[in-house]
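Have a look at the structure below, then the notes.
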Amino acid sequence: MNAEEYLRKVAETHDARIQWWREARFGMFIHWGLYAQLGRHEWVMNRERIPIEEYEKLADTWHPKPRPAREWAALAKKAGMKYMVMTTKHHEGFCLWDTAQTDYNAVKRGPGRDLVREFVEACREFDLKVGFYYSLMDWHHPDGARCAIDEDARRRFLDFTQGCVRELMTNYGKIDILWYDVSWPLPDAEAWESVKMSSMVRELQPHIIINNRAKLPEDFGTPEEHVTAAEEGRDWEACMTFNGSWGYMPISPDWRSVREVLGMLQTAAAGQGNLLLNIGPAPDGSVPPEAVERLEKVGAWITKNGEALYGKVDRAEHGRIEWLPTGRWTLKGNDAYFWCTRWPGRELVIGGIRTPVKR
11 MNAEEYLRKV AETHDARIQW WREARFGMFI HWGLYAQLGR HEWVMNRERI
61 PIEEYEKLAD TWHPKPRPAR EWAALAKKAG MKYMVMTTKH HEGFCLWDTA
111 QTDYNAVKRG PGRDLVREFV EACREFDLKV GFYYSLMDWH HPDGARCAID
161 EDARRRFLDF TQGCVRELMT NYGKIDILWY DVSWPLPDAE AWESVKMSSM
211 VRELQPHIII NNRAKLPEDF GTPEEHVTAA EEGRDWEACM TFNGSWGYMP
261 ISPDWRSVRE VLGMLQTAAA GQGNLLLNIG PAPDGSVPPE AVERLEKVGA
311 WITKNGEALY GKVDRAEHGR IEWLPTGRWT LKGNDAYFWC TRWPGRELVI
361 GGIRTPVKR
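The sequence shown finishes on residue 369 if you use the working numbering, and the numbering steps up by one all the way, no holes.
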């Protein structure tokens, strides 16, 4: 099957598969791996040029507390989130599940248990949809860079990659989202064999939705660190850091305020998009208190006003209010919801509405 045929087949079931996601609006992104122990950023191995043999030692010193994923899921639920996406393998190459593809994994090294399974169980306990992030780029695998210049290396690396993805799609029951990332160093979908890999995923998980980071458009776009549609007419999800770092960063002055988080969420809803807000848990799995405090307040606001966010939004001019640049609105049937976050007056008059304001 070529890419055109594959995408045509994907489009046939797209609306049915993605409907829940369009209505969900708000999700939690979890970046958690060996890098949390260093507390600088998730790219620390690359940015600080740490040799593989040195970085590998972190695999034996990582001992998270029991089942921290329950804390994440409970917080996500309280914050009004409807789904979660966790890094099963980030660029560092350490697998958080019991994989047969490499011994460099959480079961055979320090943690001594399947962290992906704990995540899945927590999501289901709190009635949250389950998403798996998987980094195509791999700094640890011996063929992770060589695959771009050596055909034998490419074949070995693709066998490894497809084997990992197959395990994730086979061993954990129903998975709702597959979130690929960083398709480096191979140049295109053909080199990655993306059609073959995603066809396998869809055969194993027919209902799944897949993002656009394996060199194919798939089901939704993924603007990063900006809340704007990736492409007109396409489903989209803005993935955003909470404090400027995806991984655990204990000393950060850049935590987004409650107002900022709500503003991003309102902008996403007004543009018929989703917000995937990231948390980088500490090495033991604890959520930074700054995130807990803010998300509890976000959840309180959503408890009161969530009907303006969730469900089908009928887009009109992308939710912009022309005469109020800092405002947003959503239209759902005959109900219009306005967010006027910086209106200086005590009264706001909106012309053209002939029904009384409900509240």
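C-beta: ideal position from N, C-alpha, C; glycine also.
Only a predicted model underlies this, so the values are computations on that prediction, with no experimental measurement involved.
*Given Asp108, which residues of its chain have a CB within under 6 Å of its CB, disregarding the five upstream and five downstream residues?*
For Asp108, where only same-chain residues beyond five positions count, the Cβ hits under 6 Å are Val117, Asp124.
*Quick one: Cα of Ala155 to Cα of Trp149, how far?*
Straight-line measurement puts the Cα of Trp149 at about 7 Å from the Cα of Ala155.
*Through-space distance from Val367 to Ala346, alpha-carbon basis*: Straight-line Cα distance between these residues: approximately 10 Å.
*Which residues in the same chain have their Cβ closer than 6 Å to the Cβ of Gly273, if we skip the five residues on either side of it in sequence?*
Closer than 6 Å at the Cβ level, and outside the excluded window around Gly273, lies no residue.
_Proximity of Ala69 and Met38 at Cβ, strictly below 8 Å_ = In terms of Cβ geometry, Ala69 and Met38 do not form a close pair [threshold 8 Å].
*Rounded to whole angstroms, what's the CA-CA distance from Glu63 to Gln172? Just pull it up for me.*
Cα to Cα, the separation comes out at about 25 Å.
_Candidates Ser296, Lys92, Arg356, of which the one nearest Pro78 by Cα_ = The shortest C-alpha separation from Pro78 is found at Ser296.
*For Asp191, which of helix, strand or coil comes out of DSSP?*
Residue state, collapsed to three classes: strand.
*Have a look at Ala292, Arg369, Leu196 and flag the residue whose alpha-carbon is nearest the alpha-carbon of Lys314.*
Of the listed residues, the one whose Cα sits closest to Lys314 is Arg369.
*asked:* Can you find the residues in the same chain that come closer than 7 Å, C-beta to C-beta, to Ala84, ignoring five residues on each side of it along the sequence?
replied: Contacts found: Phe136.
*Beta-carbon gap between Tyr143 and Leu178 smaller than 8 Å*: Cβ atoms of Tyr143 and Leu178: not closer than 8 Å.
*From Asn56 to Gln47, what distance separates their C-alpha atoms?*
Whole-angstrom Cα-Cα distance: 15 Å.
*Does the beta-carbon distance from Ser208 to Ile219 come in below 8 Å?*
Result no, Cβ atoms of Ser208 and Ile219 do not sit closer than 8 Å.
*Is the CB-CB distance between Gly231 and Glu241 below 8 Å?*
Against a cut-off of 8 Å, the Cβ pair of Glu241 and Gly231 comes out as a contact.
*Alpha carbon to alpha carbon, how far is Ala278 from Trp31? Give it in angstroms, no decimals.*
Taken atom to atom, the span from the alpha-carbon of Trp31 to that of Ala278 is near 13 Å.
*Whose CA, out of Arg119, Ala239, Met11, Glu270, lies closest to the CA of Thr251?*
The shortest CA-to-CA distance from Thr251 to any of Arg119, Ala239, Met11, Glu270 is the one to Glu270.
*Consult DSSP for Trp246 and reduce its assignment to one of helix, strand or coil.*
It is a strand residue.
*Which residues does DSSP pair with Leu285 in a beta bridge?*
The partner list for Leu285 (beta bridge, DSSP) reads Phe36, Ala248.
_Distance CB(His100)-CB(Gly141) smaller than 8 Å_ = Not closer than 8 Å, so no.
*Give me the Cα-Cα distance between Asp198 and Lys225, rounded to the nearest whole angstrom.*
In a straight line, the C-alpha of Asp198 is about 6 Å away from that of Lys225.
_Rounded separation between Arg119 and Asp113 - CA only_ = Each residue's alpha carbon lies about 8 Å from the other.
*Which residues mark the beginning and the end of the alpha helix (DSSP H) in which Trp202 is found?*
Looking at the DSSP string, the run of the alpha helix (DSSP H) that includes Trp202 is 199-202.
*Do His41 and Gly290 come within 8 Å of each other at the CB atom, strictly closer than that value?*
Against a cut-off of 8 Å, the Cβ pair of His41 and Gly290 comes out as a contact.
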